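Colleague: Counted from 1, the first sequence has number 53 at position 62 by this note's numbering; the numbering is strictly sequential.
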Amino acid sequence: MMTREEALEFGMSFPNVYEERPFRDPNWQLVRVKGSKKAFLWIYEREGYTNLNVKVDPEWRDFWRNTYDAVIAGYHQNKEHWNTIILDGTIPDKEIQRMISESYDLVTDSPTKRIYEAVKRIPQGHVATYGKIAEMAGNPRMSRAVGNALHKNPDPEHIPCFRVVNSKGELAGAFAFGGGNVQKELLEADGVEVIDGKVNLEKYGI
DNA sequence: CACCAGGCATTTG
DNA sequence: ACAAATGCCTGGT
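(1) Can at least three beta-carbon pairs, one atom from the stretch 159 to 166 and one from the stretch 81 to 101, be found at a separation below 8 Å?
(2) Exposed or buried, what is W51 when buried is set at 16 or more other beta-carbons lying within 10 Å of its beta-carbon?
(3) Compare the Cα-Cα distances from L78 to each of K189, E193, L(-1) and report the closest residue.
(4) What span of residues does the beta strand (DSSP E) with Y40 cover, start to end?
(5) Note down the Cα distance separating V190 from S4, rounded to an integer number of angstroms.
(6) Give me the Cβ distance between P83 and I113, rounded to the nearest whole Å; I'm assuming they're in contact under 8 Å.
(7) What would DSSP say about T58, mapped onto helix, strand or coil?
(8) Which same chain residues end up closer than 6 Å to V47 when comparing Cβ atoms and leaving out the 5 residues on each side of it in sequence?
(9) Considering N139, what are the terminal residues of the alpha helix (DSSP H) in which it resides?
(10) Give me the Cα-Cα distance between Y95 and E86, rounded to the nearest whole angstrom.
(11) Does DSSP put W19 in a helix, in a strand, or in coil?
(12) To the nearest angstrom, how far is it from the Cα of E148 to the Cα of L141?
(13) Go ahead and label M127 buried or exposed: buried means 16 or more other beta carbons lie within 10 angstroms of its beta carbon, across all protein chains shown.
(14) Using a Cβ-Cβ cut-off of 6 Å (strictly less than) and excluding sequence neighbours within five positions of N18, which residues of its own chain qualify?
(15) Are there 16 or more other CB atoms within 10 angstroms of the CB of I186, so buried, or fewer, so exposed?
(16) Going straight from the alpha carbon of I197 to that of N157, what length do you get?
(17) In the DSSP assignment, the alpha helix (DSSP H) including L97 goes from what residue to what residue?
(18) Tell me, which residues are paired with R52 by DSSP?
(19) Could you tell me whether any non-hydrogen atom of the ligand ADP is closer than 7 Å to the CB of I197?
(20) Among E38, T41, P13, whose alpha-carbon lies nearest the alpha-carbon of K29?
Here it is as structure tokens:
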């Protein structure tokens, strides 16, 4: 059964988080995301059990509450978006970890993040247009935001923005990718033909 | 407030 | 008929 210490350790294992006890009552402990300061895991003792508050998609909220007796509406929080997990040993640790992970995903969710996730989903040997990425990220009309997001790609190692081209199949200018032919070389290494600074969207688009 | 590695519908020439 | 220019959309910095 998961203990208070293990729950905290799991919460702290996510990127960009910190722990805090912002209330008068030191029993209440929060794990928050740096920057936004949004909390995704609350830890406290109540009625002899360690409780966890986690954010939950309203669509799944009742699923969890119905599946486990030890999951109830968020104590001391907005019942629409929060659940409380009572650590009484009746829920498998894996399921608790899943709820905490989903809570983290919810508070770190943003159009920018979805854009990066969409870019990661472009298969090797294929390309996507800015508009396509916008659509995959949830809003077909935010293609401009896609360009902005890719401009400051925080993790080129895992976010293959070289697979993104404009609606005509043209590559980005020399100002991007730190060199004139870098994107072309990356695409060719990927198995994508580049002719005249363009790729054939019929053939390589997704 | 004014930028952007875009895209679309619409207007202009 | 066509290409080019314009305006607005979008979201994050």
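Glycine included, C-beta positions come from ideal geometry on N, C-alpha and C. In this text, all values refer to a predicted model and were calculated from it rather than measured experimentally.
Modeller: Based on what the coordinates show:
(1) Because the criterion of three Cβ pairs below 8 Å is not met, the stretch 159 to 166 and the stretch 81 to 101 do not touch.
(2) Its Cβ having fewer than 16 others within 10 Å, W51 is exposed.
(3) If we check each option's Cα against that of L78, L(-1) comes out closest.
(4) It spans 40 to 46 - the beta strand (DSSP E) in which Y40 sits, taken as one unbroken run.
(5) Roughly 41 Å between the two C-alpha positions.
(6) Rounded, the Cβ-Cβ distance is 35 Å, inconsistent with contact.
(7) Per DSSP, reduced to three states, the secondary structure at T58 is helical.
(8) Result list for V47: N74, in chain order.
(9) Where N139 is concerned, the enclosing alpha helix (DSSP H) stretches over 134 to 142.
(10) Whole-angstrom Cα-Cα distance: 14 Å.
(11) Note: W19 maps to coil in three-state DSSP.
(12) Rounded to whole angstroms, E148 to L141 spans 13 Å at the Cα level.
(13) Classification of M127: buried, given that the 10 Å Cβ count is 16 or more.
(14) The residues are Y35, E36.
(15) It counts as exposed.
(16) CA-to-CA, the gap between I197 and N157 works out to about 13 Å.
(17) L97 -> alpha helix (DSSP H) spans 84 to 99.
(18) Its beta-bridge partners do not exist; DSSP assigns none.
(19) The ligand ADP is not part of this structure, which contains no ligands at all.
(20) Comparing Cα positions, the closest option is P13.
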